[in-house]
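Visitor: Just so we're aligned, residue 38 is where the sequence shown starts under the numbering used here, counting upward by one.
The beta-carbon is built from N, C-alpha and C at its ideal position, and this holds for glycine as well.
Structure in structure tokens, see below.
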Amino acid sequence: MVDAPTKTVFDVVTDFFASQPTDEELLAYELPQQQQARLDGLIEIDANSRLTAAQREELGDYRFVEDILARVKVKIKQRLEQEQSDSGDEATSADAGQEENGP
């Protein structure tokens, strides 16, 4: 079994957020290997219905963090798509203005 990491999943993720990552870094973010191994171990124990109360709480923390990360990534993607759409609309408007005014 994988021992609990010295830093909680909340510590690791908040440290990452505090580093002021770019959108690209946020979209690419995955849990570090130690935390991912711990999560995988907890899921395996849970599959065998042998989680202690503390492990169940820790697994809940991981699921909460994964949900937050997924939501953040969706919002970033939506914002980037909107920005791309808006810049495309501006280019189309500029092209239309040139056509009306002539060369």
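If contacts are defined as beta-carbon pairs under 8 Å, then Asp60 and Leu96 qualify, I think. What distance do you get, rounded to the angstrom?
Guide: Going by Cβ atoms, the distance from Asp60 to Leu96 rounds to 29 Å, so no, they are not a contact pair.
Visitor: Is the stretch 91-110 touching the stretch 50-70 in the sense that three or more CB pairs, one from each, lie closer than 8 Å?
Guide: Short answer: they touch.
Visitor: Should Leu96 be flagged as near chain D, meaning a C-beta pair shorter than 8 Å?
Guide: The displayed structure is made up of one protein chain only, and chain D is not part of it.
Visitor: When you compare only the Cα positions, how much space is there between Gln71 and Gly125?
Guide: Spanning the two alpha carbons is a distance of roughly 42 Å.
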